[in-house]
Amino acid sequence: MLNVIFILWLREVKKYLRSRTQIIASLGSPIMYLGVLGFGLGPIFRKAGEGSYLQFMAPGVVGMTILFTSMFSGIALLWDRQFGFLKETLVAPVPRLWIMIGRTLGGATVAILQGLLIFVACFIAGFRPLSVVVIPLALLFMALIAVVFAALGTVIGSSLKDMQGFQLVMNFLVMPIFFLSGALYPLTNLPRVLALLTRIDPLTYGVDGMRTVLTGVTHFGLTADAIVLVAVAITLLTVGAWRFSKIEI
Amino acid sequence: MIRVEKLVKRFGEVTAVDDISFEVQRGEIFAFLGPNGAGKTTTIKMLTTLLQPTSGSLELDGLDPTVHRDEVRKRFGVVFQDPSLDQDLTAWENMEIHGVLYGMPRKERRERATTLLQLFELYERRDALVKTFSGGMRRRLEIARGLLHTPKVLFLDEPTLGLDPQSRNQMWTHVKTLNDRDQVTVFLTTHYMDEADRVAHRIAVIDHGRIVAIGSSAELKEQTNTESLEGAFLALTGTSIRDETANAADSMRQIARMWRK
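Residue numbers (my numbering), protein chains in the order written: chain A, 1 to 249; chain B, 250 to 510.
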């Protein structure tokens, strides 16, 4: 069992490490957010008495990178089952659950690697975590975010029928998840509707968790963040496994 | 080796496979010949455990694919209509993953992968990424991979679609050699008459989900009083063109073609 999961995981990681252009291309938008927003909104953020904006948003941009990468790897299922390798795995004499786990963990690992690259970019831009000791804990939160959204991607990728749905998901799910997560603005004193929406967005807890660990500023508290993320991850993995078992090709 | 009885598959209102029965003997090359949308792929999907039949019974090497799923899966290899190789991996890596998925011990897996890659003339290129391969090489690799776990039956769903005549020729030569040497039963679908004529021991002509004739190429010609298999085919299925309604897979196939250019 473990070698099946391992080889499917390895496949995702190998493919990632080989696709240099893709790595560079996918760094574009987070770096743009970091550069343009980080430095552009910095002065006004400081004037509002909130301190360094770069310091505030860096965990958010790392979270965004993980969100996009892991969601995308899940949704790629859609393509993969018609023109790719997925069909080969679906006729193999192994339970679909193993395949789903191997694939999802692979996607999550790729997202974490990508998040780490952005973390380094943030550091170069001037972001400073509280200390080196907190980095492993931050990694744990990155992993939680990655698993949550790789699983969500699997749910969606297993359910969509064609490529048209993909654009819909990007515009009405992925972008809102990012903008409502508190990656770019503090969650205090928000209008009621927005406050409510941010609370049902799982990424909010991921970003808050990372921010707490890395900068000491918190909104929900570390325990609450971790509990919510673990609960959502388990739920989505279960739904993902169920949807994946229903794929017909 | 394969036994199908009164097999029916409905998708909502549409009956894709409508009460078909046939048998394939051990070591035989059996072809499903039919126009687009005749139900060829649907039948293969049911035999390969990817679809559940609406009614009827199936048997592969004495086992029911709907009940003993994993046991049946070990007994067949399949090459689908659409490619299912991982293009960002090397030929060797594609073989390796297949071996692991089928639970083959490392030593056996490597030995057999070497033999098959040599047989299909791909060994020299084993460490090249699949995306650098030509269409014919990719098809050969898929067949080699499908044979890695020594299956008793090999399913080939329109394996020569989009290949040039040289690659088609070479591919069938390999398939015939394997069939002769290892007695692998081959179940193939195609809409190229000449291919069925050349490689298949027996041919079933399928149309609108029904088998309209079954027999050797000579028998079919005799039955319809025609000179060629093409004549027999047209006599059996008519000359009208089938307009399949495009489904999600077709529209994706179109996008895929655009990207490949």
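Even for Gly, the Cβ is constructed at its ideal location relative to N, Cα and C.
Between Val91/A and Leu299/B, the CB-CB gap stays under 8 Å.
Judged by DSSP in its simplified three-state form, Ser131/A adopts coil rather than helix or strand.
Around the beta carbon of Leu168/A, a 10 Å sphere encloses fewer than 16 other beta carbons of the protein chains shown; the residue is thus reported as exposed. A straight line joining the alpha-carbon of Arg103/A with that of Leu67/A spans about 16 Å. Counted as a single uninterrupted DSSP element, the stretch harbouring Thr434/B is not any alpha helix (DSSP H) but the beta strand (DSSP E) occupying residues Thr434 to Thr439. Within chain A, Gly84, Phe85, Lys87 and Glu88 have C-beta atoms less than 7 Å from the C-beta of Ser333/B, given in sequence order. The Cβ of Ile101/A sits no closer than 8 Å to any Cβ of chain B. The beta carbon of Gln472/B sits closer than 8 Å to those of Ala462, Gly464 and Ala481, all from its chain and outside the five residues before and after it, given in chain order. Contact check for Ser29/A against Gly153/A fails: the beta carbons are separated by 8 Å or more. Looking at the DSSP output, Lys258/B sits in a beta bridge with Val266/B.
Nearest Cα to Ile44/A within the set Pro129/A, Leu197/A and Tyr185/A: Tyr185/A. Contact check between the region 430-437 of chain B and the region 358-377 of chain B: fewer than three CB pairs, one atom from each, fall below 8 Å, which does not count as touching. One alpha carbon belongs to Asp456/B, the other to Gly165/A, and they sit about 33 Å apart. The region 370-390 of chain B makes no contact with the region 424-432 of chain B, as fewer than three CB pairs between them are under 8 Å. For Leu236/A, the uninterrupted alpha helix (DSSP H) run begins and ends at Leu222 to Ser245, by DSSP.
If you look at Val461/B, you'll find it isn't in any alpha helix (DSSP H); it sits in the beta strand (DSSP E) that goes Arg459 to Gly464. Taking a beta-carbon distance threshold of 8 Å, Ala111/A does not count as an interface residue toward chain B. For Ile455/B, the enclosing beta strand (DSSP E) begins and ends at Arg451 to Asp456. When Cβ-Cβ separations below 8 Å define contact, Ser131/A makes no contact with chain B. Contact between Ile75/A and Gly209/A does not hold, since their C-beta atoms are separated by about 24 Å, which reaches or exceeds 8 Å. Proximity of chain B to Ser19/A at the Cβ level (cut-off 9 Å) is accounted for by Asp337, in chain order. By DSSP's assignment, Ala280/B forms a beta bridge with Leu437/B and Ile452/B. With 16 or more other Cβ atoms inside 10 Å of its own Cβ, Met353/B counts as buried.
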